[in-house]
Amino acid sequence: MVRAIPSSQLRQPLDGVRIAGNTGAIAFNTVMLLLLLAPLSAPKLLLPPVDEDPIIQIPLRPKPVPPPVIEEPLPINRKPAPPTVTQPVRQEQPPTIVVDHPDPAPTDFAGIEQPQIQVAKADPPAGSDPGIQTGASLQALNNPAPPYPPQAVRDNLTGVVELEILVGVDGKPLDVSVVRSSGHRILDQAARRVVLSRWTFQPAMRDGQPVQARGRVPIEFKLAQ
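In structure tokens:
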């Protein structure tokens, strides 16, 4: 059976209190629903900004620069200069030799015979000084035998050397020259040195005045057998 609602009830005005209450209930339910749904969505974490370490750029050490290569010049092939040949200068024996000191005492050698001294008369040389008496016999006042050179003894050297002597007005030899060699220079020089340094002669006289005189003397070097 259908019951009809009286028209008087349909026309009743809306109640404001009821509406407000319903609205508040809906709002409350909505808030509660949101609160229930909130844990389902994880909240976003706001992380503080991370300070990144600054990038430090270390400068690279420059590579050492190699020293410049100095190219040495190639040697120039030059021919060596020919050696200079110096010709030996031949020293001529001066005509007069001054001996400032006498020769040392002769060395005694067993079995050596002292040189034989002979004073000879010489022929006058051509072109001689007219003030010099030539060809006179020289009279020796002191004529010691020259010492036999030790090297000549070891080498068994002998011979006769002839000397031409210029004697001054005081009887001393002014000049001694070899006019005939013994064949050994060491013997010639030994005889010449002793005559110049140690021999003395009787001055030659002319018109009662002493004059220079020139004569020749042979000296023999001979070893005892």
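Quick note on numbering that gives the first Met the number 0: the sequence shown kicks off at 0 and runs consecutively. Glycine residues also receive a C-beta, built at the ideal position from the N, C-alpha and C atoms.
Are the beta-carbon atoms of residue 177 and residue 200 separated by less than 7 Å?
-> Annotated as distal: residue 177 and residue 200, with beta-carbon spacing of 7 Å or more.
If I'm right that residue 155 touches residue 198 with Cβ under 8 Å, what's the distance once you round it to whole angstroms?
-> The C-beta separation of residue 155 from residue 198 comes to about 27 Å, leaving the pair out of contact by the 8 Å criterion.
Given that a residue counts as buried once 16 or more other Cβ atoms are within 10 Å of its Cβ, and exposed if not, what is residue 169?
-> When all chains shown are included, residue 169 counts as exposed.
Proximal residues to residue 179 (C-beta, below 6 Å), its chain only, five neighbours per side dropped = Setting aside the 5 residues that flank it on each side, residue 179 is surrounded in the same chain by 161, each with a C-beta closer than 6 Å to its C-beta; the list follows chain order.
Pairing CB atoms from the stretch 142-151 with CB atoms from the stretch 185-198, are three or more of them under 8 Å?
-> The stretch 142-151 is in contact with the stretch 185-198.
Got a sec? Which residues, its chain only, sit under 8 Å from residue 159 by beta carbon, not counting five neighbours each side?
-> Taken in chain order, the residues that qualify are 179, 181, 217, 218, 219, 220.
Residue 17 versus residue 31: straight-line alpha-carbon distance, rounded | Going by the C-alpha atoms only, they are around 21 Å apart.
Put residue 202 into one of helix, strand or coil per three-state DSSP.
-> When DSSP states are grouped into helix, strand and coil, residue 202 belongs to the coil group.
Could you check where the beta strand (DSSP E) with residue 214 kicks off and where it finishes?
-> Run containing residue 214: 208-222, per the beta strand (DSSP E) assignment.
To which residues of the same chain is residue 110 closer than 7 Å at the C-beta, ignoring the five residues directly before and after it?
-> Residue confidence is low: residue 110 scores 37 on pLDDT, short of 50, so the model does not pin down where it sits. No coordinate-derived value is stated.
How should residue 101 be labelled, buried or exposed, when 16 other C-beta atoms within 10 angstroms of its C-beta is the threshold for buried?
-> At residue 101 the pLDDT is 35, less than 50, meaning the model places this residue with poor confidence; the figure from the coordinates comes in the next sentence. So residue 101 ends up on the exposed side.
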